[in-house]
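Here is the structure we will look at, set down as structure tokens.
Residue numbers (this note's numbering): 20 to 596.
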């Protein structure tokens with residue numbers, strides 16, 4: 020360091036000599052940068068000199084960064100000076116020294132600041148270079164701007180995490196991500212609207228850059244949420260951030276007539292689903308920990324985005340988003356209703372499944388009502404709501420009925436248990452009635468595929484059969500002391516006897532009804548149930564049921580079969596069968 024007074028002026032003199040030679044030569048003839056002499060003078064000399072300069076000043080604070088800034092200033096000044104002079108080779112030399120000025124300015128950024136700020140500066144610089152390239156139709160500048168933004172992303176990822184305390188929304192990590200996002204979105208917009216002569220070659224780059232910017236936008240949120248938001252509030256923060264993002268993107272798409280910006284806006288629904296799954300994982304109800312504010316705002320933003328996207332997307336394509344939003348909203352309502360019922364009636368009681376089912380029953384009953392509101396979104400997407408949307412709700416209701424039949428014994432304190440009049444039995448009856456009403460009266464069922472319409476009676480019949488058996492088993496649990504546990508029912512003699520007689524009565528009622536209404540298919544269904552009873556008597560009754568109960572089952576079932584044979588002969592086939 021003590022001898023630096025000699026080599027530093029020597030290096031500066033070498034730079035000035037090379038610049039003077041290049042400038043004087045360019046005034047007389049155009050330089051050929053592919054030629055080894057011209058390329059060395061213009062590009063080789065600053066590289067070698069900068070390498071030597073960095074070795075001389077690397078022990079000084081910000082010595083390398085200041086040297087790069089000085090070199091950028093010298094080359095930028097030379098470009099301005101050369102633009103004022105005419106000559107066949109001046110224009111090409113101006114572009115060369117201007118490129119060197121940009122390169123040294125870019126190099127100064129990581130030499131002076133950390134990786135997060137470097138990424139922020141490079142992202143903005145990359146977008147600016149891309150804009151210049153599009154304005155001047157310079158392919159090299161366009162590619163350079165894209166590569167510089169990619170380098171900005173790598174610089175951010177390679178930067179070490181800062182452990183010191185930071186200020187929310189005003190720290191290197193957040194600002195770096197924010198400017199990376201801004202650079203990506205701005206570049207996507209520039210490429211999407213530029214009058215580029217080779218527009219076909221741009222292809223999907225606007226979409227890629229928009230996805231790149233959206234990714235860094237959410238990384239900006241992650242950078243601050245992890246440091247400044249408590250863990251139990253992070254789900255609410257993510258939901259609010261996603262809703263604000265969708266609203267901003269939807270507004271920008273409408274204001275700038277940029278259809279592609281609707282894609283990150285419509286991504287709000289998948290994000291809401293992921294947040295809901297995170298809520299399930301942590302076990303708290305949707306309205307807890309800020310959800311009472313965040314979820315309504317998210318749904319308002321979602322439907323505002325869907326309303327704004329009507330002009331850019333066909334109704335059939337947006338129908339799936341409306342159906343998904345309906346299912347998500349219903350799931351959250353059922354979840355919260357079940358939680359309220361659990362708090363009021365106690366865990367493990369029948370109030371919990373009743374509370375879970377009530378919102379779905381009300382919504383399915385509305386789907387079976389012909390007087391649905393003639394307003395958006397139902398008016399615009401009526402078929403989607405009444406077919407796919409209502410079908411999903413019906414499947415969920417039938418699934419709930421099956422689970423309730425197997426797992427819940429109907430205890431609902433402080434009310435006493437009364438057969439068919441307890442809350443769970445009444446709710447199951449309402450659920451099955453709502454499904455039947457929707458299937459027979461809703462205009463949307465006619466639009467379902469033929470395969471779905473043919474297969475629909477099977478799960479409905481299974482749910483009805485399970486619910487009827489559950490009524491019998493709950494009565495035996497409360498009045499005869501039988502445990503309400505499916506794994507114990509096989510070996511319980513009283514249960515097997517009661518089920519055999521009950522199934523036979525159901526088969527007899529079905530077959531008598533089928534004979535009087537000339538329904539051959541219903542009669543065959545009753546006969547199949549009767550065959551199942553006989554098979555159960557021999558396979559289960561002989562092996563697991565006590566002798567007295569087994570004898571009783573055989574006598575009663577045999578007598579009922581004789582009555583069935585007398586009252587219900589096989590009806591003739593007709594068109595309906």
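Every residue, glycine too, gets a C-beta built ideally from N, C-alpha and C.
Task: Helix, strand or coil at residue 144 according to DSSP, with G and I counted as helix - done: helix
Task: Euclidean distance between Cα positions of residue 434 and residue 415 - done: 27 Å
Task: Through-space distance from residue 553 to residue 543, alpha-carbon basis - done: 15 Å
- [ ] Counting only the same chain and skipping the five closest in sequence on each side, list residues whose C-beta sits under 7 Å from that of residue 83.
- [x] 73, 76, 77 and 130
Open item on the list: Rounded to the nearest angstrom, what separates residue 237 and residue 200 at their Cα positions?
Closed with: 9 Å
Task: Continuous alpha helix (DSSP H) stretch holding residue 66: start and end - done: 64 to 76
Task: Alpha carbon of residue 338 to alpha carbon of residue 331, nearest angstrom - done: 13 Å
Open item on the list: Can you look up residue 503 in the DSSP assignment and give me helix, strand or coil?
Closed with: coil
Task: Validate contact between the segment 365 to 376 and the segment 291 to 310 using beta carbons, cut 8 Å, 3 pairs - done: no
Task: Neighbourhood of residue 211 by C-beta distance below 8 Å, restricted to the same chain and skipping five residues each side - done: 225, 277 and 279
- [ ] Find out if the Cβ-Cβ distance for the pair residue 259, residue 316 is shorter than 8 Å.
- [x] yes
Task: CB contact flag (residue 453, residue 407, <8 Å) - done: no
- [ ] Inspect the CB distances between the segment 434 to 446 and the segment 504 to 521 and report whether three or more fall short of 8 Å.
- [x] no
Task: Separation of residue 118 from residue 69, as counted between CA atoms - done: 15 Å
- [ ] Evaluate residue 196 with the Cβ neighbour count: other Cβ atoms within 10 Å of its Cβ, from every protein chain shown; 16 or more gives buried, anything less gives exposed.
- [x] buried
TODO: Could you check the C-alpha separation between residue 100 and residue 92 for me, to the nearest Å?
DONE: 12 Å
Task: CA nearest to the CA of residue 90, picked from 102, 110, 67 and 551 - done: 67
Open item on the list: Within 8 Å, do at least three Cβ pairs link the segment 473 to 483 to the segment 416 to 423?
Closed with: yes
Task: Nearest-angstrom Cα separation, counted from residue 116 out to residue 156 - done: 19 Å
Open item on the list: So for residue 93, helix, strand or coil by DSSP?
Closed with: helix
Task: Which of helix, strand or coil DSSP assigns to residue 511 - done: coil
Task: C-beta atoms of residue 142 and residue 171 nearer than 8 Å - done: yes
Task: Closest by C-alpha distance to residue 323, when choosing among 158, 395, 308 and 42 - done: 395
Task: Distance, residue 232 Cα to residue 264 Cα - done: 12 Å
Open item on the list: Our contact map puts residue 135 next to residue 189 with C-beta atoms below 8 Å; I'd like the distance itself, whole angstroms only.
Closed with: In fact, because the Cβ distance is near 12 Å, the residues do not count as touching under 8 Å.
TODO: Mind reading off the beta-carbon distance from residue 206 to residue 149? Whole number of angstroms is fine, and I expect it under 8 Å.
DONE: 5 Å
TODO: Determine the closest residue to residue 287 out of 343, 245, 275 and 299, with distance taken between C-alpha atoms.
DONE: 343
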